[in-house]
Structures are given as C-alpha cells and as structure tokens.
Amino acid sequence: MTLSKQHLPGRIRNLNNAPIDSDGEFVLYWMTAQRRTRWNPSLEHAAQLAEELDRPLIVVEPFSIDHKFASDRLVTFVAQGMLDNLEAFEGSSVRYIPWIETHRERGTGLLRRITSRACVVIIDDFPTGHPRYVMERASEIVQVCLLAVDGCGVIPLNWTEKAPPLAHTFRRTVQRRVLEAIATAPMEFPLAGRSSTLWMPDIQFNRLMENLRFDMTPLEWLWRVAEGGITAKQALDPLPIDHQVPPVLGCRGGSFEAKRLLDVFINQRLSNYAEGRNNPSNPMTSRLSPWLHFGHISSLEVV
Numbered sequence: 022m023t024l025s026k027q028h029l030p031g032r033i034r035n036l037n038n039a040p041i042d043s044d045g046e047f048v049l050y051w052m053t054a055q056r057r058t059r060w061n062p063s064l065e066h067a068a069q070l071a072e073e074l075d076r077p078l079i080v081v082e083p084f085s086i087d088h089k090f091a092s093d094r095l096v097t098f099v100a101q102g103m104l105d106n107l108e109a110f111e112g113s114s115v116r117y118i119p120w121i122e123t124h125r126e127r128g129t130g131l132l133r134r135i136t137s138r139a140c141v142v143i144i145d146d147f148p149t150g151h152p153r154y155v156m157e158r159a160s161e162i163v164q165v166c167l168l169a170v171d172g173c174g175v176i177p178l179n180w181t182e183k184a185p186p187l188a189h190t191f192r193r194t195v196q197r198r199v200l201e202a203i204a205t206a207p208m209e210f211p212l213a214g215r216s217s218t219l220w221m222p223d224i225q226f227n228r229l230m231e232n233l234r235f236d237m238t239p240l241e242w243l244w245r246v247a248e249g250g251i252t253a254k255q256a257l258d259p260l261p262i263d264h265q266v267p268p269v270l271g272c273r274g275g276s277f278e279a280k281r282l283l284d285v286f287i288n289q290r291l292s293n294y295a296e297g298r299n300n301p302s303n304p305m306t307s308r309l310s311p312w313l314h315f316g317h318i319s320s321l322e323v324v
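First residue of the sequence shown? That's 22 in our numbering, and the numbers climb one at a time after it.
Have a look at this one:
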C-alpha cells in the first residue's frame with residue numbers, strides 16, 4: 022500500500038521505512054508537540070491518510086512525566102490544554118484520548134501496544150527536548166510506517182541545510198521563502214468536511230481499548246488538575262514529579278487562552294510593539310511563549 026502524495030512540502034518524513042499495514046485497524050496520531058486542532062499539519066496528514074485508507078483515526082495526546090523537568094506547573098498547563106482539546110474535538114469525526122503518564126504506566130509500553138494494531142502512525146516532528154526523545158524512541162518501537170510531520174514553524178525545518186548560526190542568517194531564509202511557505206501551509210481547520218468514516222464505532226472502540234489494556238486518564242482527574250489550587254494539589258500529589266514548582270497563577274494552558282492572548286496582542290499591543298517591547302512594567306509583547314512552546318497555538322496562526 023502506497024503513501025499519500027505529499028501535500029505539505031518539506032514537512033513530512035518517514036522515520037523507519039516500514040510499510041503501511043493493510044491489515045491495521047486504524048490510523049494513529051501520537052500528538053506530542055503540536056497540542057491543538059487548528060493549523061496542525063500532523064492532524065491534517067493523519068486525517069487525509071485515514072480517508073485514503075478508509076480507516077478510523079484515533080488521536081492520543083500523551084504527556085510524559087519521565088523526565089527531570091516534570092512538575093506540577095507543566096502537568097497543570099498541559100492538562101488545561103487537554104480540556105480545551107476535548108471541547109475542540111467534540112462533534113468531530115475523530116476519537117481523541119488525552120493521557121498523562123503515571124508511575125503505573127509508561128508511555129513507551131502504551132505506544133508499543135497501540136501501534137501493534139495500527140496501519141500507520143503519525144507523530145509530531147520536533148528538533149529538541151523530550152518530544153524529540155519520544156520521536157526517536159518511537160522510531161525504534163513502532164513496527165508499521167511511522168511518519169513525522171513538522172508543525173514547528175512558518176518555515177519547514179528541512180528548508181535550512183543546517184542550524185543557522187545567527188538570527189539574521191535565518192531571517193534571510195524566512196524572507197526568501199515565506200510566501201512559498203504560506204502558500205503551502207497546513208489548513209486552519211484540518212478536520213473540516215472530513216468523512217464520517219474517520220469515527221470508530223463505540224463497540225469497536227471499547228473492544229480495542231479493552232484488548233490493548235488502555236488505562237485512560239479519568240476526565241474527572243484532568244478537571245481537578247486544571248482547576249488549580251488545593252484541588253489540583255491533591256490530584257497531583259501521588260505523581261512522582263517535582264511538587265516544588267507550582268502552577269503560575271493567572272497563566273492557563275490551552276488553545277482557547279492562547280487565542281485570547283493573540284487577539285489582545287493584535288488589538289492592543291502590536292501598534293506599540295516597536296517602542297514598547299522592552300518596557301519592563303508593561304511590555305508590548307504577545308506573551309505567547311509558553312503556549313507556542315507546548316503547541317497550543319501555531320506560529321502560522323500568529324503570522
């Protein structure tokens with residue numbers, strides 16, 4: 022079985038050169054870096070492949086706590102984003118599963134089990150940090166076709182031959198190819214108008230989860246974590262993470278908050294950005310860095 026013709030130039034690469042499994046039951050998108058439904062090329066390509074293969078699409082958004090930076094702050098921010106994604110996926114033709122790693126279940130074990138039933142796997146391409154580790158580990162574990170899709174920026178990563186040594190070097194690349202990048206950019210709403218066949222029926226889905234021993238993260242627990250305060254602290258206490266790094270008050274994760282901040286920047290700060298960006302008391306910046314970092318908003322949307 023052949024792959025879809027690339028419709029996202031420069032953004033898709035095969036990590037393991039394994040074939041698509043024509044006997045696989047579904048297409049899997051392992052959402053590790055671009056944690057959103059809008060302007061998401063990984064979600065777009067996964068949906069396109071699912072339609073071409075006539076298979077359901079399952080999106081799993083995992084978050085690992087198996088690294089030294091795992092803390093109450095990070096888990097809370099990501100959990101808040103997961104609640105936004107639950108709402109964003111509601112009414113779509115796609116199964117979405119938010120999943121936060123615990124001491125009882127590690128992500129690699131779950132990935133190994135669930136991909137054994139998939140026909141093809143999509144993962145977010147990412148050049149650094151834990152998402153890169155997960156991607157590289159997946160290339161060793163996954164036995165079916167594994168495709169990494171780059172949604173990191175306006176310009177695809179592989180449009181530069183090597184890491185630019187200076188900011189102005191990269192700026193020249195952007196200026197030269199930005200119109201080409203925008204012309205071939207991913208869709209704003211990658212699930213709009215998709216076939217209803219992307220939805221896995223309840224009976225098949227429940228049987229699959231049971232057979233895979235998929236211990237889903239309780240939605241009530243996610244809600245408690247996202248609430249913050251003592252409710253979140255009690256929910257997070259059992260996790261083996263750094264409890265000395267608390268959530269930032271007034272800083273809520275998720276695509277909805279990211280969109281609100283972008284609107285504030287465009288309508289209230291952008292016109293004064295040149296003069297006021299370094300004002301320490303009231304900087305005229307977007308303040309979107311954490312949301313961009315966790316993929317709750319795309320730089321393409323900002324542009």
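A virtual CB, placed ideally from N, CA and C, is assigned to each residue, including glycine.
Residue nearest to Met305 within the set Ala295, Ile41, Arg34, Glu201 is Ala295 (criterion: CA-CA distance). The beta carbon of Ile121 sits closer than 6 Å to the beta carbons of Phe84, Thr238 from its chain, once the five residues preceding and following it are set aside; these are given in chain order. The Cβ-Cβ distance between Glu72 and Thr205 does not fall below 9 Å. In this structure, the beta-carbon distance from Ala54 to Leu167 does not fall below 9 Å. When DSSP assignments are scanned along the region 101-142, the uninterrupted stretches of beta strand (DSSP E) that are 3 or more residues long and fall wholly within it turn out to be 116-121. The shortest C-alpha to C-alpha distance from Cys140 to any of Pro222, Phe226, Arg76 is the one to Arg76. Taking C-beta atoms as the reference points, Leu229 and Phe235 count as a pair closer than 9 Å. For the region 189-258, the continuous alpha helix (DSSP H) assignments of 4+ residues that do not extend past its boundaries occur at 223-232, 240-248, 250-257, in sequence order.
Under the three-state reduction of DSSP output, Trp51 falls in the strand class. As for any beta strand (DSSP E) of minimum length 3 sitting wholly inside the region 59-109, the runs are 78-84, ordered along the chain. Tyr50 is the residue among Tyr50, Ala256, Ile224 whose C-alpha sits nearest the C-alpha of Leu132. Taking a contact to require three or more Cβ pairs closer than 8 Å, the region 301-315 and the region 97-104 qualify as touching. The C-beta distance from Arg116 to Ile176 rounds to 32 Å, too long to meet the 8 Å contact threshold.
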